[in-house]
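> Below is a structure I'd like to ask you about.
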Amino acid sequence: MVTRTRIAPSPTGFMHIGTLRTVMFDYFLARQTGGQFVVRIEDTDQARLVAGAVEGLLNTFKKLDLDYDEGPVLLTDGTLGEKGDFGPYTQSQRLHLYKPYADKLLTDGNAYVCFCTTERLTEMRAAQMAAKQNPRYDRRCAALSPDEVKARQDAGERYVVRMRIPEGESRFVDAIRGEISFNNADVDDQVIVKSDGFASYHLAVVVDDYLMKISHVLRGEEWISSTPKQIILCEMLDIQMPIYAHVPLILNPDKTKLSKRKGDVSVESYLAKGYLPATLINFISTLGFNPKADQEIYERAELVKLFDLSKVSRAGAVMNIEKLDWMNHQYLMQLSQGELVAVVQPFTTLDLSSLTLQKALMIERERVSRLTEFADKLSSYVSIASYNPEVLVWKKSTKEDSLLQLTNISNVLSLLEDAVFDSVTLLEAAIKEYINSNGLQNGNVLWPLRVALSGLEKSASPYELLWVLGKDETLVRLQQAQKLIG
RNA sequence: GGCUCCAUCGUCUAAUGGUUAGGACACGGGCUUUUCAAGCCUGUAACGGGGGUUCGACUCCCCCUGGAGUCACCA
Numbered sequence: 380m381v382t383r384t385r386i387a388p389s390p391t392g393f394m395h396i397g398t399l400r401t402v403m404f405d406y407f408l409a410r411q412t413g414g415q416f417v418v419r420i421e422d423t424d425q426a427r428l429v430a431g432a433v434e435g436l437l438n439t440f441k442k443l444d445l446d447y448d449e450g451p452v453l454l455t456d457g458t459l460g461e462k463g464d465f466g467p468y469t470q471s472q473r474l475h476l477y478k479p480y481a482d483k484l485l486t487d488g489n490a491y492v493c494f495c496t497t498e499r500l501t502e503m504r505a506a507q508m509a510a511k512q513n514p515r516y517d518r519r520c521a522a523l524s525p526d527e528v529k530a531r532q533d534a535g536e537r538y539v540v541r542m543r544i545p546e547g548e549s550r551f552v553d554a555i556r557g558e559i560s561f562n563n564a565d566v567d568d569q570v571i572v573k574s575d576g577f578a579s580y581h582l583a584v585v586v587d588d589y590l591m592k593i594s595h596v597l598r599g600e601e602w603i604s605s606t607p608k609q610i611i612l613c614e615m616l617d618i619q620m621p622i623y624a625h626v627p628l629i630l631n632p633d634k635t636k637l638s639k640r641k642g643d644v645s646v647e648s649y650l651a652k653g654y655l656p657a658t659l660i661n662f663i664s665t666l667g668f669n670p671k672a673d674q675e676i677y678e679r680a681e682l683v684k685l686f687d688l689s690k691v692s693r694a695g696a697v698m699n700i701e702k703l704d705w706m707n708h709q710y711l712m713q714l715s716q717g718e719l720v721a722v723v724q725p726f727t728t729l730d731l732s733s734l735t736l737q738k739a740l741m742i743e744r745e746r747v748s749r750l751t752e753f754a755d756k757l758s759s760y761v762s763i764a765s766y767n768p769e770v771l772v773w774k775k776s777t778k779e780d781s782l783l784q785l786t787n788i789s790n791v792l793s794l795l796e797d798a799v800f801d802s803v804t805l806l807e808a809a810i811k812e813y814i815n816s817n818g819l820q821n822g823n824v825l826w827p828l829r830v831a832l833s834g835l836e837k838s839a840s841p842y843e844l845l846w847v848l849g850k851d852e853t854l855v856r857l858q859q860a861q862k863l864i865g
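Just so we're aligned, residue 380 is where the first sequence starts under our numbering, counting upward by one.
Okay, here's the thing in structure tokens:
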């Protein structure tokens, strides 16, 4: 089976985290079957246009290293172009393509012109609500004569085109949920052409999916209830319906649909918080989809191979941020030094070309989960903040002893060969040897040494600090500590 | 409210009629340890309720309950 899947976001200026999941599922499906993954921009609502939104969206695709086969592309000069044989891929440029379909619906009697004003519609709904009826169009214009319609159109009266929902039942087999059916009596006469001449979502999407030969439509669960309108349109237009799969919602901790108010909704904000693209993709792809029972970390290629629409769960899922943090830490630990430098650099003003900081990065990632936390961790390697001399004293020791140990270890370290400073293991061996052969306690030596090197109560081990700082800086810091405590 | 979808640890999930209901995050305890982190071992914690079907139900059916989504000239 070769699939053509598509993602069709409205250009709001950012990518919703739920959209990312749908994108991933589309991507897996297309790559797995050797099919195509299409990006289409659904911008039929002129009132909601956001400047630069499409560029932003495509940029996010780029940041996540997600490739698609057809759709708008960002050209090197910053302008928009597109690739693929089924364009244009932006709905506002496809108005002429929707027109014949709308006309056919009208001439077949499957749609009708409606002159009702927004005010009347609002009043009508209010009255229906007051009477405890379901709000829906009352079909006042459904029986207008062709002559009257023409006369009023000629007079310049504003109008929309509505579907004439037939009696009967609409059913489809959802690839995730199985059979779903609706009584058409519960479906409203949907507007399919707006008064500004733009097709509404329902018409545009049905026509586009058909013309673009889309085989699989993956979208959020919130679309289930509008599916009968699209099924009916397909029937009226006599076109093949794609396979629909409604992906479960991503939820706030209180189990309601994820909203800005209650949490981060955009991919960009997670990126800005310091989650790696790979983490985000792994995490979001396995939210509601579990390839193997006892594995959490997956390569993208693995997911492509293992993805199975029928295994996607049907219930919504709360994002477990602690687990996201944990996962990001796992990914951070897998990076090479070069990769780590590259991903952290945008999150700090420090210049990470310094070897000391690169080493510090390798050490500090052990206790960091998000990229934003590095800047803080790195500062003590650049220069030591002023600290309370009492911190230099181990809880089981005394000030005098601490000073003595600092003085002695300083001498020992100054005599070590430079090569020893190139290895944490060698440093550790050398210091342990010194402690043991002199019958000292670890804490008496290691605690003051570590604090002298970091200025912190909590830090990496003294061996790691020595490795990062190097001999010269180490001796300087030990000097300062001795002065401070003395 | 109508319609629709959904229902296993706090959270994400595994189980496709027969398991001591498994894993992950988080949390507790222990080991390691100069501190922090990591690591290792380990513990607490779930099938919403009621009926069926069946020799046997987390798994299939029905009802209830609960939750969610949706009811625009927004997508």
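A virtual CB, placed ideally from N, CA and C, is assigned to each residue, including glycine.
Since this is a predicted model, take the numbers as computed values, not measurements.
Are the beta-carbon atoms belonging to residue 845 and residue 832 less than 8 Å from one another?
Their beta carbons are under 8 Å apart, which means residue 845 touches residue 832 by this criterion.
> What residues match up with residue 674 in a beta bridge as DSSP calls it?
None, per the DSSP bridge assignment.
> Leaving out five residues before and five after residue 425 in sequence, what residues of the same chain have Cβ atoms less than 7 Å from its Cβ?
Here the set comprises 575, 577.
> Under a Cβ-count criterion, where at least 16 other Cβ atoms within 10 Å of its own Cβ denotes burial, should residue 716 be classed as buried or exposed?
The residue is exposed, with fewer than 16 neighbouring Cβ atoms inside 10 Å.
> Would you mind sorting residue 698 into buried or exposed? The rule is 16 or more other CB atoms within 10 Å of its CB.
Buried: at least 16 other Cβ atoms inside 10 Å.
> Residue range of the alpha helix (DSSP H) that residue 581 falls in?
Here the alpha helix (DSSP H) through residue 581 covers 580 to 590.
> Ignoring anything shorter than 4 residues, give me the alpha helix (DSSP H) runs that lie fully in the region 482 to 517, in order along the chain.
Qualifying alpha helix (DSSP H) stretches, in chain order: 497 to 509.
> Less than 8 Å between the beta carbons of residue 795 and residue 861, yes or no?
Going by C-beta atoms, residue 795 is not nearer than 8 Å to residue 861.
> With DSSP run on the structure shown, which of helix, strand or coil describes residue 435?
Helix, per DSSP.
> Hey, how far is the Cα of residue 497 from the Cα of residue 561?
Rounded to the nearest angstrom, the two C-alpha atoms are 27 Å apart.
> I'd like to confirm the pairing. Which residues does DSSP put opposite residue 562 in its beta bridges?
DSSP output for residue 562 lists 548 as bridge partner(s).
> How would you write the range of the beta strand (DSSP E) that residue 384 sits in, first residue to last?
Per DSSP, residue 384 belongs to the beta strand (DSSP E) from 383 to 386.
> Once the 5 residues before and after residue 826 are set aside, which same chain residues still bring their CB inside 6 Å of it?
Closer than 6 Å at Cβ, skipping near neighbours: 773.
> Would you decide whether residue 409 is buried or exposed? Buried here means 16 or more other CB atoms lie within 10 Å of its CB.
Its Cβ being crowded by 16 or more others within 10 Å, residue 409 is buried.
> Answer yes or no: do residue 390 and residue 429 have a C-beta to C-beta separation smaller than 8 Å?
Yes, Cβ-Cβ distance for residue 390 and residue 429 is below 8 Å.
> Within 10 angstroms of the Cβ of residue 454, are there 16 or more other Cβ atoms? Answer buried if so, exposed if not.
The residue is exposed, with fewer than 16 neighbouring Cβ atoms inside 10 Å.
> Name the DSSP beta bridge partners of residue 462, please?
Answer is 450.
> Taking the beta carbon of residue 397 as the centre, do at least 16 other beta carbons fall within 10 Å, making it buried, or is it exposed?
Counting Cβ neighbours within 10 Å, residue 397 comes out buried, since at least 16 surround it.
> Alpha carbon to alpha carbon, how far is residue 348 from residue 546?
The first residue shown for the chain is 380 and the last is 865, placing residue 348 beyond what the model contains.
> Compare the beta carbon distance of residue 411 and residue 668 with 8 Å and say whether it is the shorter of the two.
No.
> Is the region 588 to 604 touching the region 522 to 539 in the sense that three or more CB pairs, one from each, lie closer than 8 Å?
Not touching, per the Cβ criterion.
> Helix, strand or coil for residue 652 per DSSP?
Three-state result, residue 652: coil.
> Within the chosen definition, does the region 644 to 654 reach the region 745 to 761 through at least 3 CB pairs nearer than 8 Å?
Because the criterion of three Cβ pairs below 8 Å is met, the region 644 to 654 and the region 745 to 761 touch.
> In terms of residue numbering, what span does the beta strand (DSSP E) encompassing residue 820 cover?
Unbroken run through residue 820: none, as it is neither H nor E.
> Only counting the same chain, and skipping five residues up and downstream in sequence, which positions put a Cβ closer than 8 Å to that of residue 666?
So the list reads 400, 629, 696, 698, once near-sequence residues are dropped.
> Are residue 579 and residue 586 close, meaning C-beta to C-beta below 8 Å?
No.
> Quick test of your reading: residue 468 and residue 418, contact by CB under 8 Å. State the CB separation rounded to the nearest angstrom.
That belief holds up - the Cβ atoms of residue 468 and residue 418 are roughly 7 Å apart, short of 8 Å.
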